[in-house]
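Structure first, commentary second.
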Amino acid sequence: EVVTRMLRYFQNEGMVKLARGTVEITDEEKLRQIS
Numbered sequence: 110e111v112v113t114r115m116l117r118y119f120q121n122e123g124m125v126k127l128a129r130g131t132v133e134i135t136d137e138e139k140l141r142q143i144s
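Numbers 110 to 144, taken from the numbering used here, label the letters of the sequence shown in order.
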């Protein structure tokens with residue numbers, strides 16, 4: 110549940126794109142900045 114919630118947050122922020130069974134990183138730099 111927590112992982113799904115975080116992935117949805119990342120998608121809403123434009124960092125990843127979620128599709129059935131896949132996660133595509135769309136903004137690697139932004140994702141790195143928050144890690």
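From the three backbone atoms N, C-alpha and C, an ideal C-beta is built for every residue, glycine too.
This one's a predicted model, so the numbers in the text were calculated from it and none came from an experiment.
- For Glu133, the secondary structure class from DSSP, reduced to helix, strand or coil, is strand.
- Taken atom to atom, the span from the alpha-carbon of Glu137 to that of Glu110 is near 23 angstroms.
- Counted as a single uninterrupted DSSP element, the alpha helix (DSSP H) harbouring Met115 occupies residues Val111 to Asn121.
- Lys126 has Glu133 as its beta-bridge partners, per DSSP.
- Between Phe119 and Val125, the C-beta gap is smaller than 8 angstroms, which places the two residues in contact.
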